[in-house]
Amino acid sequence: MNHQPLTIAQMAAEGKQPEILFWVGCAGSFDQRAQKITRDICKILQHVGISFAVLGTEESCTGDPAKRAGNEFLFQMQAMTNIQVLDGYGIKKIVTGCPHCFNTIKNEYPGLGGNYHVIHHTQLIQQLIDEGKLKAEGGESFKGKRITYHDACYLGRANEVYEAPRKALEILDAELVEMKRCKSNGLCCGAGGAQMFKEPEPGTKDINVERVQEAAATNAQVIASACPFCMTMLTDGVKQLQKHIEVLDIAEITAKANGL
36 MNHQPLTIAQ MAAEGKQPEI LFWVGCAGSF DQRAQKITRD ICKILQHVGI
86 SFAVLGTEES CTGDPAKRAG NEFLFQMQAM TNIQVLDGYG IKKIVTGCPH
136 CFNTIKNEYP GLGGNYHVIH HTQLIQQLID EGKLKAEGGE SFKGKRITYH
186 DACYLGRANE VYEAPRKALE ILDAELVEMK RCKSNGLCCG AGGAQMFKEP
236 EPGTKDINVE RVQEAAATNA QVIASACPFC MTMLTDGVKQ LQKHIEVLDI
286 AEITAKANGL
């Protein structure tokens, strides 16, 4: 990365307002694997010259896990705190690295008075491709590689974002293969609804193992993901099954293809 992104507080001190606030999310901040995705989203934003900022230490959890686990009170406390911070800086447009943050800020915050234009990073990438600002050249070639895309529940079924991630893969000159269960019929990775933070329930097979088996059945060399929770579950499934499949986020694939 050329330089660290500015925090919104630093920008405000200079009397500037960013075009976009990049909402990093808990996984993107603290999970080592997801931090790589965060860096690549920043590289993409810097590459196309979009003025953006992050909240830094002023960002706290959106409240998604609390709400899904049934603690509505904690969710509302977390949400109100975030809305206060966002409104304090006059934020209008937010891009997220995580479908859970995307869904919560987009669909749950308006009910508590937080109204923003929220997009997921795959939607931003698709937009930049359509505008001709991002091309799949000058970097790693994915030509001839078989890639299968795993739909994140909170991006796909919850918000019907199916085309943006696929558009980002279609310009790669790779072979995009679909799993048997995809789009509105996609199979959950097993981490949504706060399941990420608890042990699996008794059963015959872990859901993420089942999902990786479906991906392996397509003979794909790469599983493309667009969610840090899915990334963890799919990577674990690949390790468990000892498969030689790479799991990469759409942002990582885009950054690699553009030589960033």
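Going left to right, the sequence shown walks through residues 36 to 295 as the numbering used here numbers them.
Glycine included, every Cβ here is placed at the ideal spot set by N, Cα and C.
When the Cα atoms are used, what is the spatial distance from residue i to residue j?
i    : j    : result
M36  : T239 : Any reading at M36 must be qualified, since the residue scores a pLDDT of 46, below 50, and its modelled position is unreliable; the value itself is stated next. Each residue's Cα considered, the two are about 44 angstroms apart.
D72  : E287 : The residue you asked about is not Asp; residue 72 is Ile in the sequence shown. Roughly 6 angstroms between the two C-alpha positions.
A261 : L204 : 12 angstroms
L169 : F108 : 42 angstroms
G179 : P145 : 44 angstroms
M112 : D99  : 12 angstroms
M214 : Q70  : 27 angstroms
V244 : M46  : 44 angstroms
N150 : E175 : 39 angstroms
V257 : R74  : 20 angstroms
I160 : L295 : 14 angstroms
I129 : W58  : 7 angstroms
C77  : I285 : 13 angstroms
V212 : D122 : 42 angstroms
Q81  : Q39  : 10 angstroms
A229 : A104 : 6 angstroms
L163 : G63  : 22 angstroms
P235 : V273 : 17 angstroms
E210 : G148 : 44 angstroms
Q119 : R192 : 29 angstroms
Which one or two residues does DSSP pair with residue i in a beta bridge?
i    : result
E281 : V257
E210 : R181
V89  : T42
F57  : V130
I154 : V130
Confirm, please, whether the CB-CB distance from residue j to residue i is below 9 angstroms.
i    : j    : result
A292 : I206 : yes
T131 : K102 : no
I85  : I55  : yes
L222 : F137 : no
H185 : A226 : no
R68  : M266 : yes
L283 : A259 : yes
C224 : R201 : no
E143 : F110 : yes
So, under 8 angstroms CB-CB, residue i and residue j are touching, yes? Tell me the CB distance rounded to an integer number of Å.
i    : j    : result
C133 : P263 : 5 angstroms
I43  : A114 : Rounded, the Cβ-Cβ distance is 18 angstroms, inconsistent with contact.
I want to see whether chain C comes within less than 9 angstroms of residue i, judged by CB atoms only; does it?
i   : result
D99 : The structure shown contains no chain C, having only a single protein chain.
Count Cβ pairs between the stretch 147-162 and the stretch 196-203 that sit closer than 8 angstroms; are there 3 or more? Output reads yes: the stretch 196-203 touches the stretch 147-162.
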